[in-house]
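In my numbering, the protein residues as written are 322 to 688. Glycine included, every Cβ here is placed at the ideal spot set by N, Cα and C. All values derive from a computational prediction rather than experimental measurement.
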């Protein structure tokens, strides 16, 4: 009798446990985080730091949700053609289908172009939050001829990434004030073959550069072309070089290289060579540029973008704020400064102490 009672109690316990798990899973909201790149890229790591901070804050509300990360690894897999993108995009879509999320957070242009825009604009039962994109919201559409784009979609929210031109100008003013030898009113933007660099060039040329004259290079396809261009620059007339895209500089093919494989120059090698071969001071337009080796950088805060994206995703699940309803797509507005001390010292340049303090406070000071 006692044995029967024990078995019955255990059975009831197991049934209740299973029911609780099923009910919990049914109520659990799911957030799928789709990264264009991998964690070997500093930008992605910083985005994840922002997400983690937002998750810690959100966990205090004791709300039941689940998160899954997926990395398309676009910096290491060539995305030169639609055919190149087909396999990685299909794998990302399969991962999304298997997970069945309520909301997708998609970072950077590759994820938008090849996964989100073609398949998830106005898709019932799923919301999209994008971030870290350099293009206009009208650039991401269900198809080239479609009118269904991010700007008109009912289920799309996000943040456009924009270079903080006023902050870049402030940095140049501070550098010239601290270093009277720095002259020249021309600002020269170096442009590789990446889509992002092209989008940024179009944005920058339409901004107010105050007393400076903005210009950009032609598209530099290879590291050799980059070197040749640098060596021909007029160091007496150009006041500053701006660097943004330098990760898509092709290297000459090696003897044993597969015919369809493309090798790109190591970003740190590009930074080191450039710093050593021009007297023109260089301002990076992403904080990770100083981690690569460029002397000074100012750019959008990826941590802030990660936090904002996760916050917006939770609103799509648990209740929209009036701010998000009124303005589903906004523009990045938090920036950071990064300093590479050795590169600055090699040039013999001074910067205000407040910039050093700010860079150290945000873990963007590289010795």
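Euclidean distance between Cα positions of residue i and residue j
{"i": "residue 570", "j": "residue 429", "result": "20 Å"}
{"i": "residue 627", "j": "residue 647", "result": "21 Å"}
{"i": "residue 459", "j": "residue 662", "result": "40 Å"}
{"i": "residue 517", "j": "residue 398", "result": "16 Å"}
{"i": "residue 446", "j": "residue 682", "result": "41 Å"}
{"i": "residue 464", "j": "residue 450", "result": "19 Å"}
{"i": "residue 641", "j": "residue 492", "result": "37 Å"}
{"i": "residue 514", "j": "residue 586", "result": "13 Å"}
{"i": "residue 564", "j": "residue 461", "result": "25 Å"}
{"i": "residue 471", "j": "residue 441", "result": "10 Å"}
{"i": "residue 410", "j": "residue 435", "result": "6 Å"}
{"i": "residue 361", "j": "residue 590", "result": "16 Å"}
{"i": "residue 380", "j": "residue 374", "result": "10 Å"}
{"i": "residue 486", "j": "residue 530", "result": "8 Å"}
{"i": "residue 538", "j": "residue 522", "result": "9 Å"}
{"i": "residue 637", "j": "residue 438", "result": "18 Å"}
{"i": "residue 548", "j": "residue 483", "result": "27 Å"}
{"i": "residue 503", "j": "residue 639", "result": "53 Å"}
{"i": "residue 557", "j": "residue 520", "result": "28 Å"}
{"i": "residue 687", "j": "residue 620", "result": "16 Å"}
{"i": "residue 406", "j": "residue 468", "result": "23 Å"}
{"i": "residue 524", "j": "residue 566", "result": "14 Å"}
{"i": "residue 684", "j": "residue 611", "result": "12 Å"}
{"i": "residue 342", "j": "residue 419", "result": "Residue placement at residue 342 cannot be trusted, given a pLDDT of 43 that sits under 50; the coordinates are not used to answer."}
{"i": "residue 579", "j": "residue 545", "result": "21 Å"}
{"i": "residue 413", "j": "residue 403", "result": "15 Å"}
{"i": "residue 645", "j": "residue 478", "result": "8 Å"}
{"i": "residue 448", "j": "residue 528", "result": "33 Å"}
{"i": "residue 394", "j": "residue 415", "result": "16 Å"}
{"i": "residue 466", "j": "residue 594", "result": "43 Å"}
{"i": "residue 581", "j": "residue 532", "result": "46 Å"}
{"i": "residue 346", "j": "residue 473", "result": "Low per-residue confidence applies at residue 346: pLDDT is 46, beneath 50, and the placement is therefore not dependable, though the value from the model is reported in the following sentence. Roughly 33 Å separates the two Cα atoms."}
{"i": "residue 543", "j": "residue 369", "result": "31 Å"}
{"i": "residue 599", "j": "residue 559", "result": "11 Å"}
{"i": "residue 643", "j": "residue 572", "result": "50 Å"}
{"i": "residue 358", "j": "residue 384", "result": "29 Å"}
Beta carbon of residue i nearer than 8 Å to that of residue j
{"i": "residue 499", "j": "residue 649", "result": "no"}
{"i": "residue 588", "j": "residue 613", "result": "yes"}
{"i": "residue 512", "j": "residue 489", "result": "no"}
{"i": "residue 659", "j": "residue 608", "result": "yes"}
{"i": "residue 401", "j": "residue 583", "result": "yes"}
{"i": "residue 576", "j": "residue 615", "result": "no"}
{"i": "residue 386", "j": "residue 356", "result": "no"}
{"i": "residue 604", "j": "residue 622", "result": "no"}
{"i": "residue 506", "j": "residue 550", "result": "no"}
{"i": "residue 501", "j": "residue 561", "result": "no"}
{"i": "residue 350", "j": "residue 423", "result": "yes"}
{"i": "residue 624", "j": "residue 408", "result": "no"}
{"i": "residue 536", "j": "residue 494", "result": "no"}
{"i": "residue 652", "j": "residue 480", "result": "yes"}
{"i": "residue 290", "j": "residue 596", "result": "Residue numbering for the chain in the displayed model covers 322 to 688; residue 290 lies beyond these limits and cannot be assessed."}
{"i": "residue 475", "j": "residue 443", "result": "yes"}
{"i": "residue 388", "j": "residue 417", "result": "no"}
{"i": "residue 378", "j": "residue 568", "result": "no"}
{"i": "residue 496", "j": "residue 670", "result": "yes"}
Three-way DSSP call (helix, strand, coil) for residue i in this model
{"i": "residue 536", "result": "strand"}
{"i": "residue 685", "result": "coil"}
{"i": "residue 396", "result": "coil"}
{"i": "residue 510", "result": "strand"}
{"i": "residue 571", "result": "strand"}
{"i": "residue 661", "result": "strand"}
{"i": "residue 562", "result": "strand"}
{"i": "residue 468", "result": "coil"}
{"i": "residue 451", "result": "strand"}
{"i": "residue 387", "result": "strand"}
{"i": "residue 351", "result": "strand"}
{"i": "residue 634", "result": "helix"}
{"i": "residue 613", "result": "helix"}
{"i": "residue 627", "result": "helix"}
{"i": "residue 502", "result": "coil"}
{"i": "residue 601", "result": "coil"}
{"i": "residue 480", "result": "strand"}
{"i": "residue 543", "result": "strand"}
{"i": "residue 656", "result": "strand"}
Heavy atom of the ligand SAH within 7 Å of residue i beta-carbon
{"i": "residue 454", "result": "Of ligands this structure carries none, so the ligand SAH is not represented either."}
So, do the region 671 to 686 and the region 631 to 646 have three or more beta carbon pairs nearer to each other than 8 Å? Short answer: they don't touch.
Kindly confirm or deny that the region 447 to 454 and the region 412 to 431 touch, where touching means at least three C-beta pairs closer than 8 Å. yes
Below 8 Å, can you find three or more Cβ-Cβ pairs linking the region 415 to 429 to the region 349 to 369? yes
Counting only runs that start and end within the region 424 to 449, where is the beta strand (DSSP E) found for 3 or more residues in a row? 424 to 428
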